[in-house]
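In the UniProt record's numbering, the protein residues as written are 1 to 695.
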């Protein structure tokens, strides 16, 4: 046994620990408990109560008196005595303090009742609690995440509809004495402004409407679903002049900013927990043995699964320790072999990614060149045209299915720890899913920007193939959204349910060896994050796409719930709920950051369409911002130009970095304090005489 010397024991960082908020909170709790003990020893008469009131500071007494009895760390009998003493003390307070204390209690009671009432109105409250009770908090966190996306997309839809769609509809139909104005583009060739959204002429068959519904063409081009519908420059709503191009751009930025703030707010708690999480195996072992059980589980099968899960986690810890020892004992020859193998496997991974990206690029180019020139004659031709339009979506879905299978197979030969294997595989899957969307957009931009004639160069984009290229990009995002939903529904109906039927009614060894489909939380999360990234990118090109995403995730909730209860079993390696929520939001944040890149390029770099949309009169969509600033007063223009200048940007960046470094240092200091406290707890285990600071 190792003992600390007396000098080390006395040098404990007591002064620093006393500055922490947790130490001040502990002082208040001890003061509350000490005040209760004193009140129990004094007589119940008025003199004794007045003496007890005088012993503590007035501010501290008011703070403790304002706290409900249920929040005090006392037994039920002590809480009753504390409540009786508070009621007896009221008569000795001034009328102002009596009214203040009574109104504070009444307000807290009203707020608690309102909060409890709102909890009953929470979406899917009973369903999520039922899932948590049967399958544990890990799977419940996935459905809570799905509910979070439903609410987020609904708020984005309300924002886009109220700021962009509703003013356009009101002004176009002349409601509430409104009017609109269209400003023709200046210095633009006439052939650049020709746009005929609908190709349906004469008698239209019913299956044509179905094709348009699935592909976003035909009659849907003329609706408010896509960018080309919003051709108004200014709307006059009574005495209010509404700048639709500026509102369109700011609404898009507001949606992305709102999503960013909401995700950061939700991930702060998870970040705090991961920041101070101990990586010591002894601490991890204690957490699993003494605090690893999920008390939300009520189903016996789920309980047995949790037992196996804890056993697996302990085995994983032992396996990681064995691998660490194995890594430490490696010879130079073994290190050279494993590093060479990893380099070779990463080359194979890069080749797989390159093959996926090239396939998506060729499929997109082939689809755009052939589906636009095909002329619909009958149902057979229309079906071929529909398949051509969905060819990029099908190739992307196939790449999203094949690439993760290859990654999961190759990771076994890289000799990583089990935990790192899961993280590396997930990161590769996230990259391939989100990068596929980027490759699709790059393929579209290469077609949009390709100009071989002088007439095309005069427009700045391929006006013959894409007279309204923003609507064309919106159609691709719309098709990706629809096809992703169809795949989820088809897998549930034609894979999960037949597999459940075969496992239940067929006793063949191959069928029983396959077993039921596991509910893999990471795979399902990547699935919906992929769809949400499509929604973020498509919001600029299709303002009502968030409404479709809301309906899609609303239906997916019930699809996944039915699949979980009737066809699936929980994963053998479940994710702990405390860390899964943080992981979900981090992956969602990666998708949001990647969505900024194509949107920034589309808004600031690619010339806007001159035949449709609110930015017909501007070279790019971003040009509406400096044009609007020119209409401001001179003083405000100077302020805005100063904010956008380097003289403001450089100091602002430096101050931001200093603030960031301060918080990083503060977090590191708190983490070191936690480590010191844990070390002292270990020493107390060996030597009970070691004094530790009371925090």
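We put the beta carbon where it would ideally sit given N, CA and C, even for glycine.
Quick one: Cα of residue i to Cα of residue j, how far?
i	j	result
residue 678	residue 115	37 Å
residue 261	residue 639	26 Å
residue 188	residue 536	31 Å
residue 441	residue 367	13 Å
residue 627	residue 621	11 Å
residue 439	residue 539	18 Å
residue 485	residue 403	20 Å
residue 220	residue 228	10 Å
residue 259	residue 424	26 Å
residue 495	residue 503	12 Å
residue 306	residue 487	31 Å
residue 604	residue 400	30 Å
residue 619	residue 629	16 Å
residue 473	residue 452	21 Å
residue 285	residue 597	43 Å
residue 529	residue 255	16 Å
residue 162	residue 120	28 Å
residue 613	residue 600	17 Å
residue 408	residue 426	9 Å
residue 314	residue 583	22 Å
residue 659	residue 641	25 Å
residue 461	residue 616	13 Å
residue 169	residue 470	20 Å
Compare the Cα-Cα distances from residue i to each of the options and report the closest residue.
i	options	result
residue 499	521, 563 and 537	563
residue 611	530, 463 and 567	463
residue 518	530, 497, 505 and 437	497
residue 287	97, 317 and 384	317
residue 322	361, 416 and 295	416
residue 592	264, 239 and 603	264
residue 267	121, 590 and 315	590
residue 352	388, 555 and 435	435
residue 209	332, 527 and 386	386
residue 257	531, 224 and 595	595
residue 310	293, 326, 324 and 325	293
residue 224	616, 545, 582 and 553	545
residue 437	476, 226, 173 and 607	476
residue 414	602, 85, 334 and 80	334
Within a Cβ cutoff of 7 Å, which residues of the same chain sit near residue i, ignoring the five residues on either side of it in sequence?
i	result
residue 348	410
residue 697	Nothing can be reported for residue 697, as the shown portion of the chain is limited to 1 through 695.
residue 675	none
residue 154	550
residue 363	391, 392 and 395
residue 515	503
residue 636	none
residue 649	none
Provide the residue(s) that pair with residue i in DSSP beta bridges, ordered along the chain.
i	result
residue 243	234
residue 518	569
Between which residues of its own chain and residue i is the CB-CB distance below 8 Å, once the five residues before and five after are set aside?
i	result
residue 330	338
residue 164	230, 244, 247, 248, 251 and 543
residue 346	none
residue 147	123, 124, 128 and 557
residue 303	297
With 16 other CB atoms within 10 Å as the buried threshold, where does residue i fall?
i	result
residue 747	Here the chain covers residues 1 to 695 and nothing more, so residue 747 does not appear.
residue 151	exposed
residue 194	exposed
residue 501	exposed
residue 478	buried
residue 657	exposed
residue 508	exposed
residue 103	exposed
residue 527	buried
residue 343	exposed
residue 354	exposed
residue 510	exposed
residue 468	buried
residue 167	buried
residue 132	buried
I'd like to know whether the C-beta of residue i is nearer than 8 Å to at least one C-beta of chain C.
i	result
residue 365	Among the protein chains of the structure shown there is no chain C, as only one such chain exists.
To which residues of the same chain is residue i closer than 6 Å at the C-beta, ignoring the five residues directly before and after it?
i	result
residue 290	none
residue 740	Outside the shown range of the chain (1 to 695) lies residue 740, about which nothing can therefore be said.
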